[in-house]
Structure formats: structure tokens, C-alpha cells
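In our numbering, the protein residues as written are 704 to 828.
Every residue, glycine too, gets a C-beta built ideally from N, C-alpha and C.
Scroll down for the structure; my scribbles are underneath it.
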Amino acid sequence: MFLTILGFLAGIIGGMGMGGGTILIPALVLFAHIDPKIAQSVNLLSSIPMTIFALIIHIRNKNVVFSLVIPIAIFGVLGAICGSFVANYLSSEILKKVFGGFLLIVGCIEIKKGFCDQKKEKCGK
């Protein structure tokens, strides 16, 4: 039941374009006690069908700017290849810390944006 709910939440987050791995990877590592490398692999594989359906809906709603997609996709693929090789050489403990640090930074940025939007003020970068 846990994995079903987790997959559903990751699908919602991924469908909104925020990356289901933000939910899926930490949940698999913390609650299902899965090795971070395995959790990353599960996230990547499970994101394929979720991404395809979300992409179809976004294209139908004309929310895709293809001139932005092409360079991001090309360099994203190159980055994914490099990241996969690097992940193979790092320990699971280091990957946990790096991913946790990344989530912390993203969380702080989102909190700052939420406060700035709420006050209708411009915040410094």
C-alpha cells in the first residue's frame, strides 16, 4: 500500500513538472530502507511512463516551448550520462548527503520565493 501511495504522489508532483524524484527518492531511502543508488534507478525507470503521459497533456495544452526543450534535452542527456558514471564511483552515504543538501537548498529557495510572493515585494537574489 505504501508504494502505491508513494507512486501516486510522485506522479502528481512529476506531472506538475517538479520532479517526482523529489518525493520518491527520499521516501524510498528513509521509509522503505532502499539503497540510494537503487532508489535513483527506480525513480528514473518509473518516471518514463509518468513523463510520457504528462508530456502528452502539456503538449495538448500548448505548455511546451520546443525552442527551449531542444538545448535543455541535449545537455540534460549529456549531464545524465556524466552523473550516472559519477554515481557509480560514489558511496551511497555520499549520495545521501549530496541529495539531502540539494533538497535543502531547493527547499530554502522555495520558502524564500513563497515569502517574497506573499509580501508582493521584490526580494534580492
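Determine, using beta carbons only, whether residue i and residue j come nearer to each other than 8 angstroms.
i	j	result
G724	S750	yes
V745	K799	no
G717	A757	yes
G810	M753	no
Q743	A783	no
Looking at the secondary structure, which residues open and close the alpha helix (DSSP H) in which residue i lies?
i	result
V789	769-792
M753	739-763
F705	705-718
A831	Absent from the model: residue 831. The displayed extent of the chain is 704 to 828, so no value can be given.
Under the rule that 16 or more other beta-carbon atoms within 10 Å means buried, what is residue i, buried or exposed?
i	result
L781	exposed
P739	buried
L807	exposed
L748	exposed
N727	As written in the sequence, residue 727 is Leu, which differs from the Asn given in the question. Looking at its Cβ environment, which holds 16 or more other Cβ atoms inside 10 Å, L727 is buried.
Using alpha carbons as the reference points, say which of the options lies closest to residue i.
i	options	result
L709	M719, G718, A730	A730
I737	G718, L706, A776, L758	L706
I760	S795, M719, F734, I797	M719
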